[in-house]
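Let me begin by presenting the structure, written as structure tokens, before commenting on it.
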Amino acid sequence: MQTRKTFQKSLTLDAVKEMPCHPTADQVYAHVAKKYPEISRATIYRNLNQLSETGEIRRFKNPCGADHFEPLLTPHYHFVCTKCKEITNVELDIDTKLLMSVCQQKTGGIVTEHLLVFEGVCKNCIEKN
Ligand SMILES: [Zn+2]
Ligand SMILES: [Zn+2]
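The letter at position 64 of the sequence shown is residue 63 when you use numbering that gives the first Met the number 0, and the numbering goes up by one with no holes.
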């Protein structure tokens, strides 16, 4: 039998999978609350954190705004349109382990993460002009 906790967690996971690419925590909450208004925002936030810690979803730290979540687990990068804020997945063959170890050598620190985000104007916005 499913406990309430696992039920809430799978609701959160399903919402991230159902929603268009890269929802923020607030958007995930709004999506779930449509069907289950009794679930609190804090519950959704907690579940999103847990799911990204266990690797079931990915958290995309957006340097220019709220964190986004997504079910796509394969390594990829993001192109953010500065006009419509649309986030596009970009698959790139970059050896991030190498970059991180070079950074580590140069700084003498311990590198645990890297952020790489492309910014610009997306194709749709270019065509609208
Ligand atoms: Zn755009
Ligand atoms: Zn993505």
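Idealized CB from N, CA, C, for every residue including glycine.
Being a predicted model, the structure only gives us computed values, none of them experimental.
About 6 angstroms separates the beta carbons of F59 and H77, which is inside the 8 angstroms limit, making them a contact pair.
For a cut-off of 8 angstroms, the C-beta gap from H21 to H75 is around 11 angstroms, too long to register as a contact.
The Cβ atoms of A14 and Y44 do not sit closer than 8 angstroms to each other. Closer than 7 angstroms to some heavy atom of ligand 1: that does not describe the Cβ of E37. Not a single heavy atom of ligand 2 lies less than 7 angstroms from the C-beta of F78. Counting only residues of its own chain and dropping the five nearest sequence neighbours on each side, T106 has no CB closer than 7 angstroms to any other CB. Secondary structure of C83 (DSSP, three-state): coil. Separation of P19 and K127 (C-alpha to C-alpha, rounded to the nearest whole angstrom) is 21 angstroms. For L71, the shortest separation between its Cβ and any heavy atom of ligand 2 lies below 7 angstroms. Under a 10 Å Cβ-count criterion, N123 is classified as exposed, with fewer than 16 other Cβ atoms of the shown protein chains found around its own Cβ.
Shortest gap from the CB of N61 to any heavy atom of ligand 2: 7 angstroms or more. In terms of side-chain proximity, the C-beta atom of E85 is found nearer than 7 angstroms to a non-hydrogen atom of ligand 1.
A direct Cα-to-Cα measurement between Q104 and T5 gives close to 43 angstroms.
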